[in-house]
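Below is one structure; the comments refer to it alone.
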Amino acid sequence: MTEFASLGLIEPICRAVAAEGYTAPTPIQAQAIPALLEGNDLLGIAQTGTGKTAAFTLPILQHLTEDNRRASPKSMRALILAPTRELAIQIHESFQTYGKHLKLRATVIFGGVGQNPQVRALSRGIDVVIATPGRLLDLMNQGHVALGDVGVFVLDEADRMLDMGFINDVKKIAAKLPKDRQTLLFSATMPQAVTGLAQGLLDDPVQVEVTPAATTVERIDQRVLFVGRGAKRELLRDVLAPREVTRAIVFTRTKHLANRVAEYLEKAGIRADAIHGNKSQGARQRALQAFRDGKVKALVATDIAARGIDVDGVSHVINFDLPVEPEAYVHRIGRTARAGAEGVAISFCDADEIGALQQIERTIRMTVPMDDGHDYHDAALAEARTVRQSGKSARSGGGRGRGQGQGRGQGQGRSQGQRQGGAPEAGKAHGGPKQGGGRKSGGGKGFGGGKPQHAKGQGAQGGQGGEAANRNRGGQGGGQGRRPARRVA
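Each residue of the sequence shown is one higher than the one before, starting from 1 at the first, in the UniProt record's numbering.
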């Protein structure tokens, strides 16, 4: 018997999981699956690569098998909303993989392709629908979709839904759902808008947080390389050249730049392809498959497109451009060091990105080590960063004890407690949910020969980051009659 069986999962599901080589659940699976099998709503705060897809796929498959009713025409028994086509496809693949010994049907619905096959799949009723909000709402408006039979509703990557402007579509879809349902919401971060959405959708949810929001995986070797903007492409070529860089995702800020960078790398003899929203679905899937198969060494992506990339064995993540939103840095580097492996995250920083780097460091509560062992190192930028950090240390380290990271900023005081398993958690985050858990009613290190150098002022940055995090935590008000979250005990 595998450890999955001890969670209460039935034999056909455990057999499918074992066939994929998994014997022990990840932390989010170990906490979420029993709560979901009991029928609880769930708020999951988890980054990519934590196993969250299986955390909801497996219990949904079991619920649908045990309650073997047919869905009405045009309806479904479980509805999962995902922000991107790629993510929707991957969730659909998970249902097919783990449900291969069960007599259940699932389909995926997204835009950019003809709707007729999707309409036909829905016409007789189906067990599971995984959809992007825009296409689903379009089909609803045409009268091709009914939501009256939905017993389980999953909103995956809610923060990315917000970033992509889908929140209003999500609210319109949710308004048509039955009130008597089980609802699951997953998000890597909890901005105020997502907190408010969760309060409106979830009823007395169990809260599972496997990694505190806006922290980075410890197994990732993070580095920053200071470089002039005009030399970034040459630096990227050199970074990707070593053999230990086996599979790399390169992040750019725009689609146009992603294309240009991929073309430059191809001309430099490095197999590369770009993936972004302007490419057809077929082109995106071909690029992903070539990346998985090792035919492409570097996949150049924008943030939105990359949220659907689920590829193991990514050795390096390279930020060609630093993200505007600090939280996006966490999403990006989470593409490496998955499934217990180690990884390298390299960030290029030019003169216009010093401020963005400091925002990232405040968010992740650490100073990213500098690597100056390359031909394009900009010493003036490195010095400018040090000067700015030193100035902040002098202004913010006076007398309250947080400048050395002993208070809330470093998470050693009140802002972090201990959750199940001894891992740290945000003690008052998201309104301070209750304790409980019961059932509700019913390779080398990569590029760079120089030793990474830690810049000064880390303690002050940590303190500021902690205060900022505490200021941004939302209360539990405005819940629209639904009860607040409670943590797994």
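Just so you know, even glycine gets a beta-carbon here, dropped at the ideal spot from N, CA and C.
Bear in mind the structure is a predicted one, so any value in this text is a computation, not a measurement.
Go to residue i, then tell me how far its alpha helix (DSSP H) extends in each direction, as first and last residue.
| i | result |
| --- | --- |
| M169 | The sequence as given places Asp at residue 169; Met does not occur at that position. Segment 167-174, the alpha helix (DSSP H) holding D169. |
| E209 | No alpha helix (DSSP H) contains E209, which is instead part of the beta strand (DSSP E) from 206-209. |
| H256 | 255-267 |
| R243 | Run containing R243: none; DSSP gives neither H nor E here. |
| H331 | 326-333 |
| I28 | 27-37 |
| I45 | I45 -> not in any alpha helix (DSSP H); beta strand (DSSP E) instead, spanning 42-45. |
| V119 | 116-123 |
| E353 | No alpha helix (DSSP H) holds E353; DSSP gives it neither H nor E. |
| V194 | 192-201 |
| F4 | Counting along the chain, F4 falls outside any alpha helix (DSSP H), and DSSP gives it neither H nor E. |
| S94 | 85-98 |
| residue 504 | Given that the chain is displayed from residue 1 to residue 489, the structure contains no residue 504 and the question cannot be resolved. |
| P12 | 11-19 |
What residue range does the beta strand (DSSP E) around residue i cover?
| i | result |
| --- | --- |
| D221 | 220-226 |
| Q182 | 182-187 |
| R77 | 76-81 |
| H63 | Not the beta strand (DSSP E): H63 falls in the alpha helix (DSSP H), residues 52-66. |
| S347 | 343-349 |
| D273 | 272-275 |
Going by other Cβ atoms of all chains shown within 10 Å of its Cβ, with 16 needed for buried, is residue i buried or exposed?
| i | result |
| --- | --- |
| D92 | Note on residue identity: the sequence assigns His, not Asp, to residue 92. The residue is buried, with at least 16 neighbouring Cβ atoms inside 10 Å. |
| P433 | Caution applies to P433, whose pLDDT of 36 falls short of 50 and renders its modelled position unreliable; the value that the coordinates give is listed next. Counting Cβ neighbours within 10 Å, P433 comes out buried, since at least 16 surround it. |
| G450 | Confidence at G450 is low in this model, with a pLDDT of 41, below 50, so the placement of that residue should be treated as unreliable; the coordinate-derived value is given next. Burial call: exposed. |
| Q29 | buried |
| N40 | buried |
| I13 | buried |
| I45 | buried |
| S347 | buried |
| P27 | buried |
| H377 | buried |
| P178 | exposed |
| V387 | exposed |
| G334 | buried |
| K279 | buried |
| H256 | exposed |
| A380 | exposed |
| T254 | exposed |
| Q289 | exposed |
| A351 | exposed |
| R223 | buried |
| G165 | exposed |
| E327 | buried |
| E287 | Residue 287 is actually Ala in this sequence, not Glu. A287 is buried by the Cβ-count criterion. |
| K100 | exposed |
In terms of DSSP beta bridges, what is residue i paired with?
| i | result |
| --- | --- |
| T107 | V129 |
| F251 | A301, N319 |
| V154 | I80, L184 |
| M140 | In the DSSP output, where bridge partners are listed per residue, M140 has none listed. |
What whole-angstrom Cβ distance do residue i and residue j have, given they're in contact under 8 Å?
| i | j | result |
| --- | --- | --- |
| D159 | A188 | 6 Å |
| F95 | A106 | 4 Å |
| I167 | A193 | 6 Å |
| G294 | V314 | The pair is not a contact, with the Cβ atoms about 12 Å apart (cut-off 8 Å). |
| P47 | V330 | Before going further, note that residue 47 is Gln rather than Pro in the sequence given. Q47 to V330, Cβ: 6 Å. Contact. |
| A298 | L240 | 6 Å |
| V300 | A341 | Rounded, the Cβ-Cβ distance is 22 Å, inconsistent with contact. |
| R219 | A337 | 4 Å |
| A274 | V296 | Actually they do not touch by this definition, with Cβ atoms about 10 Å apart. |
**Item:** the segment 70-80 in contact with the segment 122-129 per 3-pair CB rule at 8 Å
**Value:** In short, these stretches touch, since the Cβ pair count reaches three.
**Prompt:** Three or more beta-carbon pairs under 8 Å between the segment 130-147 and the segment 82-91, yes or no?
**Reply:** Short answer: they touch.
**Item:** Cβ contact check for the segment 246-264 and the segment 314-328: 3 or more pairs under 8 Å
**Value:** Yes, they touch.
**Cβ pair count under 8 Å reaching 3, the segment 216-236 against the segment 52-64** = No contact exists between the segment 216-236 and the segment 52-64.
**Prompt:** Quick check: the segment 107-121 against the segment 22-38, are there 3 or more CB pairs under 8 Å?
**Reply:** Flag = no, the segment 107-121 and the segment 22-38 do not touch.
**Request:** Taking 8 Å as the threshold, find out whether the segment 65-74 comes into contact with the segment 140-148 through three or more Cβ pairs.
**Result:** Touching, per the Cβ criterion.
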